[in-house]
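Protein chains in written order, with the working numbering: chain A, 9 to 141; chain B, 9 to 141.
Beta carbons are placed, not taken as given, at the ideal position from N, Cα and C, and that holds for glycine.
Structure record follows, encoded as structure tokens.
Number of protein chains: 2
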Amino acid sequence: MSTTSESPQRNTRQRRAVAAIMADLEGFASAQQIHDILKQRGESVGLSTVYRNLQALADADLLDALRNDDGETLYRRCSSGHHHHLVCRQCGRTVEVEGPTVERWADAVADDHGFRDVEHTLEIFGTCGDCAS
Amino acid sequence: MSTTSESPQRNTRQRRAVAAIMADLEGFASAQQIHDILKQRGESVGLSTVYRNLQALADADLLDALRNDDGETLYRRCSSGHHHHLVCRQCGRTVEVEGPTVERWADAVADDHGFRDVEHTLEIFGTCGDCAS
DNA sequence: ACTACTCTCGGAAACGATTGTCAAATCCGT
DNA sequence: ACGGATTTGACAATCGTTTCCGAGAGTAGT
Chain A
9 MSTTSESPQR
19 NTRQRRAVAA
29 IMADLEGFAS
39 AQQIHDILKQ
49 RGESVGLSTV
59 YRNLQALADA
69 DLLDALRNDD
79 GETLYRRCSS
89 GHHHHLVCRQ
99 CGRTVEVEGP
109 TVERWADAVA
119 DDHGFRDVEH
129 TLEIFGTCGD
139 CAS
Chain B
9 MSTTSESPQR
19 NTRQRRAVAA
29 IMADLEGFAS
39 AQQIHDILKQ
49 RGESVGLSTV
59 YRNLQALADA
69 DLLDALRNDD
79 GETLYRRCSS
89 GHHHHLVCRQ
99 CGRTVEVEGP
109 TVERWADAVA
119 DDHGFRDVEH
129 TLEIFGTCGD
139 CAS
């Protein structure tokens with residue numbers, strides 16, 4: 009499988025259901041939460057399947073994935089291109105932010121120390137206005 | 009535990025052994041790796057104890073902790089104060105970096121969106137000069 | 001529509017890091 | 001050295017996630 013094709017990607021009810029949830033969802037959610045939501049909507053999908061499909065979507069860059077402090081992986085739909093997140097630690101509301109300054113700073117710092125092929129991760133956590141009251 | 013004192017903090021062989029390892033260690037290491045190193049040095053310490061002491065040291069801001077992509081928590085000694093890391097993804101060599109500009113930017117962005125109690129995480133990964141050759 | 005060939009599903013078992021339990025060992029002030 | 005509190009450590013339990021594997025469902029070819 010080194011050469012070309014990804015797997016053919018079949019169009020299943022479960023795949024559609026997970027994608028639909030993610031399209032609606034505002035903040036980050038864990039695989040288990042998404043599994044619960046599916047159950048509530050009556051579109052029951054096996055937990056393993058939820059995990060698999062979320063991974064697939066994340067691999068295809070259709071979802072952002074991040075780990076919270078509890079070690080859970082959270083998913084959320086995302087716009088294309090490089091960006092970071094401002095996440096409410098109460099309700100999960102998320103704002104995508106860009107910071108050209110930060111990008112340049114990170115690259116410059118890495119360059120100063122002779123590092124190549126630089127990447128970075130940056131997340132901002134806080135309590136949003138609504139949750140603060 | 010809201011009120012006053014930290015726990016009395018006793019000076020045990022195990023606590024000293026863990027602290028000693030961390031003083032020597034150059035890059036980030038997982039609790040289990042540290043447990044192994046202790047065993048090799050003949051200073052055997054229970055795994056739970058290693059976990060507990062690493063957490064305690066991290067809580068006391070004597071160690072930095074970060075999670076790798078595999079979900080393991082890695083520890084490393086650190087200087088005091090807020091800082092970030094530039095980590096070589098090959099050899100683990102780590103440089104502590106500061107970025108007042110970034111701090112201000114993050115706070116400003118969060119403030120713009122009405123977020124309070126803001127924290128952020130930022131790590132830079134790359135290949136260091138030595139490993140690039 | 002029928003067949004054959006996969007890919008996918010799902011429930012249960014496996015996994016791996018971490019945390020909890022609790023009796024025994026160890027500290028440390030007195 | 002004594003005694004009460006903390007800490008240790010072997011083991012079990014937890015928790016998120018992954019893997020297994022037989023059954024089920026898409027899809028292409030006829």
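Label Thr109 (chain B) either buried or exposed according to how many other C-beta atoms from any shown protein chain fall within 10 Å of its C-beta, with 16 as the threshold for buried.
What you label residue 109 (chain B) is simply residue 101 of the second sequence in a count that begins at 1. So Thr109 (chain B) counts as exposed.
Assuming Phe123 (chain B) contacts Gly134 (chain A) (C-beta within less than 8 Å), just tell me the rounded distance between them.
For the purposes of this step, residue 123 (chain B) is taken as residue 115 along the second sequence, with counting starting at 1. For the purposes of this step, residue 134 (chain A) is taken as residue 126 along the first sequence, with counting starting at 1. With 8 Å as the limit, Phe123 (chain B) and Gly134 (chain A) qualify as a contact, their Cβ atoms being about 3 Å apart.
Taking only runs of the alpha helix (DSSP H) that begin and end inside the stretch 52 to 126 of chain A, which ones reach a length of at least 4 residues, in chain order?
Complete alpha helix (DSSP H) runs here, min 4: 55 to 67, 108 to 120.
Do you know whose CA, among A:Val126, A:Cys86, A:Asn76, lies nearest Cys96 (chain A)'s CA?
Stepping through the first sequence from its first residue, residue 96 (chain A) is reached at position 88. With distances taken between Cα atoms, Cys96 (chain A) lies closest to A:Asn76.
Excluding the 5 residues preceding and the 5 following Ser10 (chain B) in the sequence, name in chain order all residues of the same chain whose CB lies nearer than 7 Å to its CB.
What you label residue 10 (chain B) is simply residue 2 of the second sequence in a count that begins at 1. With a pLDDT of only 40 at Ser10 (chain B), under 50, the local geometry of the prediction cannot be trusted, and the value read off the model is given with reservation. Closer than 7 Å at the Cβ level, and outside the excluded window around Ser10 (chain B), lies no residue.
Between Leu82 (chain B) and Phe36 (chain B), how many whole angstroms is the CB-CB distance? I'm expecting something under 8 Å.
Along the second sequence, one-based indexing puts residue 82 (chain B) at 74. Along the second sequence, one-based indexing puts residue 36 (chain B) at 28. The pair is a contact, with the Cβ atoms about 4 Å apart (cut-off 8 Å).
Could you check if Gln17 (chain B) belongs to the surroundings of the ligand GTP, using beta carbon to heavy atom distance under 7 Å?
Absent from the structure shown: the ligand GTP. Ligands present: none.
Verify the CB distance criterion: does His91 (chain A) have a CB-CB separation below 8 Å to chain B?
Working through the first sequence from its first residue, we reach residue 91 (chain A) at position 83. It does not; no Cβ of chain B falls within 8 Å.
Nearest to Leu62 (chain A) by alpha carbon, out of A:Arg49, A:Ala25, A:His93, A:Trp113?
For the purposes of this step, residue 62 (chain A) is taken as the residue at position 54 of the first sequence. When only C-alpha atoms are compared, the closest one is A:Ala25.
Output yes or no for whether 8 Å exceeds the beta carbon distance between Glu104 (chain A) and His93 (chain A).
The sequence position of residue 104 (chain A) within the first sequence is 96, counting from 1. The sequence position of residue 93 (chain A) within the first sequence is 85, counting from 1. Yes, these two residues count as a Cβ contact at 8 Å.
Spell out whether any CB of chain A is found under 8 Å from the CB atom of Cys136 (chain B).
As a first step, residue 136 (chain B) must be located in the second sequence, where it is residue number 128. Yes, contact with chain A.
Which residue's Cα is closest to the Cα of His90 (chain A): A:Arg84, A:Thr102, A:Glu111?
On the first sequence, residue 90 (chain A) is found 82 positions in, with the first residue counted as 1. Residue A:Glu111 is the option with its Cα nearest to His90 (chain A).
On the three-state DSSP scale, how would you describe Leu46 (chain B)?
Here residue 46 (chain B) is taken as the residue at index 38 of the second sequence, counted from 1. Helix, per DSSP.
Output the distance between the C-alpha atoms of Cys136 (chain B) and His43 (chain B), rounded to the nearest integer angstrom.
Numbered from its first residue, the second sequence carries residue 136 (chain B) at position 128. Numbered from its first residue, the second sequence carries residue 43 (chain B) at position 35. Whole-angstrom Cα-Cα distance: 28 Å.
CB-CB under 7 Å to Ala31 (chain A), same chain, minus the five flanking residues each way: which ones, in chain order?
As a position in the first sequence, residue 31 (chain A) is number 23, starting the count at 1. The residues are Arg85.
Under a three-way DSSP split, which group does Gly137 (chain B) fall into?
Along the second sequence, one-based indexing puts residue 137 (chain B) at 129. Helix at Gly137 (chain B).
Apply the 10 Å Cβ neighbour rule to Thr20 (chain A) and answer buried if 16 or more other Cβ atoms are within range, or exposed otherwise.
Counting from 1 along the first sequence, the entry for residue 20 (chain A) is found at position 12. Exposed.
With a cut-off of 8 Å, does the C-beta of Leu168 (chain B) fall near any C-beta of chain A?
Any property of residue 168 (chain B) remains undetermined from this structure, which presents chain B solely from 9 to 141.
What would DSSP say about Thr11 (chain A), mapped onto helix, strand or coil?
Walking along the first sequence from the start, residue 11 (chain A) turns up at place 3. The predicted position of Thr11 (chain A) is uncertain, since its pLDDT is 40 and thus under 50; no value can be drawn from it.
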